[in-house]
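There are 2 protein chains.
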Amino acid sequence: MKYLLQVDFIMDGPFGEEMSKGFADLANSINEEPGVIWKIWTEDAAAKEAGGIYLFETKEDAEKYLDMHSARLTSFGITNIRGKIFEVNKALSLINNAPIK
Amino acid sequence: MKYLLQVDFIMDGPFGEEMSKGFADLANSINEEPGVIWKIWTEDAAAKEAGGIYLFETKEDAEKYLDMHSARLTSFGITNIRGKIFEVNKALSLINNAPIK
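From first to last, the protein sequence lines are chains A and B.
For the first sequence, the residue numbers in this note's numbering are 1 to 101.
For the second sequence, the residue numbers in this note's numbering are 1 to 101.
Structure, rendered in structure tokens:
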């Protein structure tokens with residue numbers, strides 16, 4: 001059973017290519033976190049919002065990551081952090097070609 | 001450039017296997033919607049919440065889908081619908097093995 005974590009927050013940037021350069025090391029470190037299968041990095045420069053969608057092997061891994069990541073974002077000065085963990089409905093997701101294997 | 005739509009809302013169910021059976025026809029219809037690449041169906045029976053994470057080909061496709069889907073959910077009696085559209089940061093997402101191709 002897979003778990004999905006969705007995180008989003010308000011931030012002043014960087015966005016786009018600057019974001020890609022500024023957070024490459026962080027992205028690499030995320031591959032080392034327990035239970036992370038993948039992350040999609042999300043951004044909305046106009047709304048000044050960003051975040052991520054993650055797939056995890058277990059609910060516990062997702063919960064531990066959210067705690068760690070929320071503390072890290074707070075240390076960056078980011079507030080208004082919204083994090084939610086959901087179970088993935090496998091049967092319905094597979095109908096819609098979801099990347100959950 | 002790909003766009004991510006995240007939707008979640010409060011609902012009384014069904015969850016789990018009943019959800020899989022009850023919404024299979026809806027899931028199949030979603031494959032016919034313009035620009036949908038995939039959908040991950042999300043659920044949290046304990047919190048009585050559910051939703052979906054979608055990848056779209058264009059921002060316009062995501063916006064049109066969110067309008068249609070919000071109206072459909074409202075017709076089901078669902079309130080507290082939260083829908084957000086983000087641009088995907090491709091370079092960072094590919095570092096984290098994201099399924100965005």
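No residue lacks a Cβ here, since even glycine has one placed at the ideal position from N, Cα and C.
Can you tell me whether residue 130/A is helix, strand or coil according to DSSP? Residue 130/A lies beyond the range of chain A shown here (1 to 101); nothing can be said about it.
Quick one: does residue 24/A have its CB under 8 Å from some CB of chain B? yes
In the DSSP assignment, find the alpha helix (DSSP H) that holds residue 21/A and state where it starts and stops. 16-22
Can you list, in chain order, the residues of the region 70-101 of chain B whose Cβ is nearer than 7 Å to any Cβ on chain A? 84, 86, 87, 88, 89, 91, 92, 93, 95, 96, 97, 98, 99 and 100
Could you check whether residue 12/A and residue 51/A sit closer than 8 Å to each other, using their CB atoms as the reference points? no
Once you ignore the five residues that flank residue 30/A on each side, which residues in its own chain have a CB closer than 8 Å to its CB? 36 and 39
At which residues does the beta strand (DSSP E) containing residue 42/B begin and terminate? Here the beta strand (DSSP E) through residue 42/B covers 36-44.
Distance cutoff 8 Å, beta carbons only. Does residue 30/A sit that close to anything in chain B? yes
List, in chain order, every chain B residue whose beta-carbon is nearer than 8 Å to that of residue 60/A. What residue 60/A touches in chain B: nothing, since even the nearest Cβ is about 15 Å away.
Identity of the residue in 18/B, 83/B and 60/B nearest residue 69/B by Cα: 83/B
Distance, Cα to Cα, residue 65/A vs residue 98/A? 22 Å
Nearest-angstrom Cα distance between residue 87/A and residue 3/B? Cα to Cα, residue 87/A sits roughly 22 Å from residue 3/B.
Looking only at its chain, what residues have a beta carbon closer than 7 Å to the beta carbon of residue 72/A, apart from the 5 residues adjacent to it on each side? none
What does residue 4/B reach in chain A if we use C-beta pairs closer than 7 Å? 40, 42 and 53
Any beta carbon from chain B within less than 8 Å of residue 8/A's own beta carbon? yes
So that I know if they touch, is there some Cβ in chain B lying closer than 8 Å to that of residue 119/A? The displayed coordinates of chain A run from 1 to 101. Any statement about residue 119/A would go beyond what the structure contains.
Limits of the unbroken beta strand (DSSP E) element including residue 61/A: First-last for residue 61/A: 59-75, but that is the alpha helix (DSSP H), not the beta strand (DSSP E).
Cβ distance (whole Å) where residue 56/B is taken to contact residue 5/B below 8 Å: 6 Å
Do you know whose CA, among 19/B, 16/B and 49/B, lies nearest residue 79/B's CA? It is 49/B.
Cβ-based burial, residue 28/B [other Cβ within 10 Å; buried from 16]: exposed
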